[in-house]
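Enquirer: Residue numbers (this note's numbering): 596 to 1007. Don't be surprised by glycine CBs; every beta carbon is placed ideally from N, CA and C. Since this is a predicted model, take the numbers as computed values, not measurements.
Here is the structure:
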């Protein structure tokens, strides 16, 4: 046994000195007898009482040391963050929160370090971790795992549409057409305004105007969306948050709105009825939806379908036209449309399914259903260039129908 220091240490009170020597006696760090310790400190009780006091002091000291360890020692937990290829982020952290907070989307985003105005929660999984603390008792912590994706630059569509209703001046039909014939379908897919401008599409617009004005129609049907705009916000990302080339979205919107307003205004004065349908796509689902809602405000006499279904259909007399962008289930279009619209397709004289996405033209007749991939006259953007979708014919297609036939396809 090494030589023990019985002297009072610097900064040590007489009482702390007594406790140290007594506790060290219990821990067998020295061999002084309890009676000698009592006399050394002039302890007013018996040597046996001193031993019992020392046992209590020892328990107190051990409890304080454990408490200190509990507060200072970090709970071993491997916190991780991960950035996915689609632009989403994953975060895994150990959080101190209540059961209610574990269900609060904004709290989870903030706790994981994400700005609630810039990110939205995709999913969350919180597992309880119970940890015992000498100071606080049992603490409930959570192993919290979340996936988030960027918001579209905090764009508030409800406020935008409310503002649009106040600032957009409605345009009504000048003179009602009552004796039109035929259906004109105008499916302008993959226009990618932002990469392309109003001036780029002047020839296209003039060709469509010429066709609309060539006669009085029974119905003119516009399919709007389909990657109308190149970005889904103002930070150069697609609908899923994938970073792509950033374009001037203010100009893109203005160009697209001017383009379609001129066409729809002419159409409603040259057709008995006009119908416009929003078609969701992968580049601009939210922005194009808001765009079509603005057109709906602009043209109150026109019928609009602004639902966000991936596959939609249009019927006129014996004509059935199914349409989708083609970014989902492209290899099963025939089967998927039969599943969704089998009865309508069965009684139609002409069944067409129109998709886009690939920027190239293709057609396949499958048991009387003509499945077409429509081309575009838009410029080749970076993604399609790098993936080899180049060299295709640069043109749009218009379709003219009589009640039971496809009469003509116009390339513009």
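Take residue 702 and list the residues in its own chain whose beta-carbon comes closer than 6 Å to its own, dropping the five residues that flank it on each side.
Expert: What you label residue 702 is simply residue 107 of the chain shown in a count that begins at 1. Once the five neighbours on either side are set aside, the close Cβ partners of residue 702 are 696.
Enquirer: My understanding is that residue 591 touches residue 917, with C-beta atoms under 8 Å, so please give their C-beta distance in whole angstroms.
Expert: The structure shown does not extend to residue 591, since the chain is modelled only from 596 to 1007, so the question has no answer here.
Enquirer: Count the other CB atoms within 10 Å of the CB of residue 914; is the residue buried (16 or more) or exposed (fewer)?
Expert: Numbered from 1 along the chain shown, position 319 holds the residue referred to as residue 914. Buried, because 16 or more other Cβ atoms sit within 10 Å of the Cβ of residue 914.
Enquirer: Rounded to whole angstroms, what is the Cα-Cα separation between residue 817 and residue 781?
Expert: Residue mapping note: residue 817 aligns to position 222 of the chain shown, counting from 1. Residue mapping note: residue 781 aligns to position 186 of the chain shown, counting from 1. Roughly 5 Å between the two C-alpha positions.
Enquirer: Of all the options 601, 741 and 608, which has the alpha carbon lying nearest to the alpha carbon of residue 686?
Expert: Reading the chain shown from its first residue, position 91 is the one you call residue 686. Nearest option by C-alpha distance: 741.
Enquirer: Would you call the region 760–773 and the region 828–839 touching, i.e. three or more CB-CB distances under 8 Å?
Expert: In short, these stretches do not touch, since the Cβ pair count stays below three.
Enquirer: How should residue 679 be labelled, buried or exposed, when 16 other C-beta atoms within 10 angstroms of its C-beta is the threshold for buried?
Expert: Within the chain shown, residue 679 is the residue found at index 84, counting from 1. Classification for residue 679: exposed.
Enquirer: List the residues that DSSP assigns as beta-bridge partners of residue 995.
Expert: One-based indexing of the chain shown puts residue 995 at position 400. Paired residues: 779 and 1003.
Enquirer: Tell me which residue opens and which closes the alpha helix (DSSP H) that residue 814 is part of.
Expert: Residue mapping note: residue 814 aligns to position 219 of the chain shown, counting from 1. No alpha helix (DSSP H) contains residue 814, which is instead part of the beta strand (DSSP E) from 812–820.
Enquirer: So, using beta-carbon positions, are residue 935 and residue 967 closer together than 8 Å?
Expert: Taking the first residue of the chain shown as position 1, residue 935 is located at position 340. Taking the first residue of the chain shown as position 1, residue 967 is located at position 372. Going by C-beta atoms, residue 935 is not nearer than 8 Å to residue 967.
Enquirer: What's the call for residue 599, buried or exposed, on a 16-neighbour Cβ count within 10 Å?
Expert: Counting from one through the chain shown, the residue named residue 599 turns up at place 4. Burial call: exposed.
Enquirer: Report the residue ranges of all beta strand (DSSP E) runs contained in full by the region 836–894; include only those spanning at least 3 residues, in chain order.
Expert: Counting whole runs of 3 or more residues, the region 836–894 contains the beta strand (DSSP E) stretches 866–874.
Enquirer: Are residue 921 and residue 683 touching if we call contact CB-CB under 8 Å?
Expert: To locate residue 921, count along the chain shown from 1; it is residue 326. To locate residue 683, count along the chain shown from 1; it is residue 88. Not closer than 8 Å, so no.
Enquirer: Quick check: what's the CA-CA separation for residue 807 versus residue 932?
Expert: Within the chain shown, residue 807 is the residue found at index 212, counting from 1. Within the chain shown, residue 932 is the residue found at index 337, counting from 1. Each residue's alpha carbon lies about 29 Å from the other.
Enquirer: Taking 8 Å as the threshold, find out whether the region 634–654 comes into contact with the region 618–625 through three or more Cβ pairs.
Expert: Output reads yes: the region 618–625 touches the region 634–654.
Enquirer: Provide the residue span of the alpha helix (DSSP H) that contains residue 937, from first to last.
Expert: The count along the chain shown starts at 1 and reaches residue 937 at position 342. Here the alpha helix (DSSP H) through residue 937 covers 928–942.
Enquirer: Nearest by alpha-carbon distance to residue 768: which of 938, 909, 897 and 745 is it?
Expert: The count along the chain shown starts at 1 and reaches residue 768 at position 173. Of 938, 909, 897 and 745, the residue nearest in Cα terms is 897.
Enquirer: Could you please give the first and the last residue of the uninterrupted beta strand (DSSP E) stretch that includes residue 677?
Expert: On the chain shown, residue 677 is found 82 positions in, with the first residue counted as 1. Residues 675–678.
Enquirer: Between which two residues does the alpha helix (DSSP H) containing residue 705 stretch?
Expert: One-based indexing of the chain shown puts residue 705 at position 110. Unbroken alpha helix (DSSP H) run through residue 705: 700–706.
Enquirer: Can you give me the C-alpha to C-alpha distance between residue 965 and residue 786, rounded to a whole angstrom?
Expert: As a working mapping, residue 965 is identified with position 370 in the chain shown. As a working mapping, residue 786 is identified with position 191 in the chain shown. Distance between the alpha carbons of residue 965 and residue 786 is about 23 Å.
Enquirer: Excluding the five sequence neighbours on either side, which residues of its own chain have a C-beta within less than 7 Å of the C-beta of residue 1006, listed in chain order?
Expert: Residue mapping note: residue 1006 aligns to position 411 of the chain shown, counting from 1. The residues are 990 and 992.
Enquirer: Count the other CB atoms, across all protein chains shown, that sit within 10 Å of the CB of residue 614; report buried if there are 16 or more and exposed otherwise.
Expert: Position 19 of the chain shown, counting from 1, holds the residue named residue 614. Buried is the call here.
Enquirer: Below 8 Å CB to CB, which residues in the same chain sit around residue 910 once its five sequence neighbours on both sides are set aside?
Expert: In the chain shown, counting from the first residue as 1, residue 910 sits at position 315. Counting only Cβ-Cβ distances below 8 Å, and skipping sequence neighbours, we find 916, 939 and 943.
Enquirer: Determine the direct distance from the alpha carbon of residue 955 to that of residue 794, and round the result to whole angstroms.
Expert: Position 199 of the chain shown, counted from the first residue, corresponds to residue 794. Position 360 of the chain shown, counted from the first residue, corresponds to residue 955. Looking at the two C-alpha atoms, the distance is approximately 22 Å.
Enquirer: Do residue 971 and residue 784 come within 8 Å of each other at the CB atom, strictly closer than that value?
Expert: Walking along the chain shown from the start, residue 784 turns up at place 189. Walking along the chain shown from the start, residue 971 turns up at place 376. The answer is yes: Cβ separation under 8 Å.
Enquirer: Beta carbon of residue 819, beta carbon of residue 871: below 8 Å?
Expert: Numbered from its first residue, the chain shown carries residue 819 at position 224. Numbered from its first residue, the chain shown carries residue 871 at position 276. Contact flag set, yes.
Enquirer: Alpha carbon to alpha carbon, what distance is there between residue 797 and residue 883?
Expert: Here residue 883 corresponds to residue number 288 of the chain shown, with the count starting at 1. Here residue 797 corresponds to residue number 202 of the chain shown, with the count starting at 1. About 21 Å.
Enquirer: Would the beta-carbon of residue 877 fall within 8 Å of that of residue 834?
Expert: As a working mapping, residue 877 is identified with position 282 in the chain shown. As a working mapping, residue 834 is identified with position 239 in the chain shown. Result yes, Cβ atoms of residue 877 and residue 834 sit closer than 8 Å.
Enquirer: Is the beta carbon of residue 724 less than 8 Å from the beta carbon of residue 743?
Expert: One-based indexing of the chain shown puts residue 724 at position 129. One-based indexing of the chain shown puts residue 743 at position 148. Going by C-beta atoms, residue 724 is not nearer than 8 Å to residue 743.
Enquirer: In chain order, what residues of the same chain lie with their CB nearer than 7 Å to the CB of residue 790, ignoring the 5 residues before and after it?
Expert: For the purposes of this step, residue 790 is identified with residue 195 of the chain shown, where counting begins at 1. Closer than 7 Å at the Cβ level, and outside the excluded window around residue 790, lie 825, 842, 973, 974 and 976.
Enquirer: Can you give the Cα-Cα distance for residue 716 and residue 855, rounded to whole angstroms?
Expert: Here the question's residue 716 lines up with position 121 in the chain shown. Here the question's residue 855 lines up with position 260 in the chain shown. So the two alpha carbons sit approximately 35 Å from each other.
Enquirer: In this structure, does DSSP put residue 960 in helix, strand or coil?
Expert: Working through the chain shown from its first residue, we reach residue 960 at position 365. If DSSP states are grouped into helix, strand and coil, residue 960 belongs with the strands.
Enquirer: Thinking residue 633 and residue 624 are a contact (beta carbons under 8 Å), I'd like their distance in whole angstroms, please.
Expert: As a position in the chain shown, residue 633 is number 38, starting the count at 1. As a position in the chain shown, residue 624 is number 29, starting the count at 1. At roughly 18 Å, the Cβ-Cβ gap does not stay under 8 Å, so residue 633 and residue 624 are not in contact.
Enquirer: Return the CA-CA distance between residue 607 and residue 636, expressed in angstroms with no decimal places.
Expert: The residue you call residue 607 lines up with position 12 of the chain shown. The residue you call residue 636 lines up with position 41 of the chain shown. Cα-Cα distance, rounded: 14 Å.
Enquirer: Give the single residue among 681, 998 and 899 whose Cα lies nearest to the Cα of residue 946.
Expert: In the chain shown, residue 946 corresponds to position 351, counting from 1. Nearest option by C-alpha distance: 998.
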